[in-house]
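Worksheet: one structure, shown below.
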Amino acid sequence: GAVVSQHPSWVICKSGTSVKIECRSLDFQATTMFWYRQFPKQSLMLMATSNEGSKATYEQGVEKDKFLINHASLTLSTLTVTSAHPEDSSFYICSARIQGAISTEAFFGQGTRLTVV
Amino acid sequence: GESVGLHLPTLSVQEGDNSIINCAYSNSASDYFIWYKQESGKGPQFIIDIRSNMDKRQGQRVTVLLNKTVKHLSLQIAATQPGDSAVYFCAETGARGSYIPTFGRGTSLIVHP
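Protein sequence lines, in the order shown, are assigned to chains X and E. The opening position of the first sequence corresponds to residue 1 in our numbering, with each subsequent residue numbered one higher. The opening position of the second sequence corresponds to residue 1001 in our numbering, with each subsequent residue numbered one higher.
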């Protein structure tokens, strides 16, 4: 199956700093990628849809100025958590679908554990 | 309305037993459903999917049942193994027209040897 890779797998940062998380589709092109956040023992909550070459679409309640998304190419989307605070500590997961594919299957990255201290 | 994340229920089974994990989805307009397995510290892994024009689909050791009348999905795992221990999520898509998976609350499956 298609592979989606996230980097880093985990990161610890100080409160007030910014952190960038990368999501790459390794063997396919993805016009659209999705970013989810998952708190411990909870489900995945969609944060935003990342569109190649255009602005991301954010879900209600997600601050677009805090969670900056850039989808500069068909294989890379980045999520930057700006001025991170301890409440932003979470597991961030991206997913992608194959461009132009009939299948609606979404492929998920391995996730990034963010801890803000 | 949209599914909301809640704390995870737990299902404990003995190795070799069959497991049944249930899920209630929220949007009657959803037409494509997926079951994912998530191991600790990892992203979701696709298990099996089903479209709304079907009520049953079988894979290797897994079966998904769909009851559209009551908006209910189930995942049956035959001869459960310790490696099946994980959190299982159902996801619904299609209602928004762009097939973005919306996840249910998940069930933690614990398999005892």
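Ideal placement from N, C-alpha and C gives every residue a C-beta, glycine not left out. Computed from a predicted model, the values in this text were never measured in an experiment.
Check this for me: beta carbons of residue i and residue j, under 7 angstroms apart or not?
i	j	result
I1021 of chain E	Y1099 of chain E	no
F108 of chain X	P1101 of chain E	no
Going by DSSP in three states, residue i sits in which element: helix, strand or coil?
i	result
E87 of chain X	helix
D1055 of chain E	coil
D1049 of chain E	strand
V1004 of chain E	Summary for V1004 of chain E: the model assigns pLDDT 37, below 50, so the residue's position carries little reliability; its value from the coordinates is reported in the next sentence. Three-state DSSP puts V1004 of chain E in coil, outside helix and strand.
Could you name the residues of the same chain whose beta carbon sits closer than 6 angstroms to that of residue i, not counting the 5 residues immediately before and after it, in chain order?
i	result
K20 of chain X	T78 and T80
P86 of chain X	V116
C1023 of chain E	L1073, C1090 and G1104
C22 of chain X	According to the sequence shown, residue 22 of chain X is Glu rather than Cys. Cβ within range, chain order: H7 and T78.
L26 of chain X	V3 and S5
F151 of chain X	Because chain X spans 1 through 117 in this model, residue 151 of chain X falls outside it and cannot be assessed.
I1048 of chain E	W1035, G1059, V1062 and V1064
May I have the straight-line CA-CA distance separating residue i from residue j, to the nearest angstrom?
i	j	result
G1001 of chain E	Y36 of chain X	With a pLDDT of only 32 at G1001 of chain E, under 50, the local geometry of the prediction cannot be trusted, and the value read off the model is given with reservation. G1001 of chain E and Y36 of chain X: Cα-Cα distance of roughly 19 angstroms.
L46 of chain X	I12 of chain X	22 angstroms
S1040 of chain E	A1086 of chain E	7 angstroms
H71 of chain X	N51 of chain X	6 angstroms
T57 of chain X	I69 of chain X	9 angstroms
S18 of chain X	E63 of chain X	15 angstroms
V1070 of chain E	T1107 of chain E	19 angstroms
A106 of chain X	N1053 of chain E	20 angstroms
S5 of chain X	K1037 of chain E	17 angstroms
K55 of chain X	P1082 of chain E	44 angstroms
Q1076 of chain E	L44 of chain X	22 angstroms
Using a Cβ-Cβ cut-off of 7 angstroms (strictly less than) and excluding sequence neighbours within five positions of residue i, which residues of its own chain qualify?
i	result
I1050 of chain E	F1033, R1057, V1064 and L1066
G1005 of chain E	For G1005 of chain E, the pLDDT reaches just 42, beneath the cut-off of 50, and the residue's location in the model is therefore unreliable, leaving the point undetermined.
S1028 of chain E	K1071
L74 of chain X	Q29, A30, T31, E52 and Q99
K1068 of chain E	S1052
Skipping 5 residues on each side, what residues in its chain have a beta carbon closer than 8 angstroms to that of residue i?
i	result
W10 of chain X	T112, R113, L114 and T115
V1013 of chain E	S1019, T1080, L1109, I1110, V1111 and H1112
F67 of chain X	W35, M47, A48, Y58, L79, T80, V81 and T82
S1003 of chain E	Because the pLDDT of S1003 of chain E is 40, which lies under 50, any placement of that residue in the model is unreliable, and the number read from its coordinates should be weighed accordingly. Only Y1025, S1026, E1092, T1102, F1103, G1104 and R1105 meet the Cβ criterion.
S89 of chain X	L114, T115 and V116
- Could you run through the segment 1051-1066 of chain E and flag, in chain order, every residue whose CB is less than 7 angstroms away from some CB of chain X? Those would be none; no residue qualifies.
- Query: Along the segment 13-34 of chain X, what residues have a CB closer than 9 angstroms to any CB found in chain E?
  - Reply: T32 and F34
- Task: Determine which residues of the segment 39-72 of chain X have a Cβ less than 8 angstroms from any Cβ of chain E, and write them out in chain order.
- Result: F39, K41, Q42, S43, L44, M45, L46 and T49
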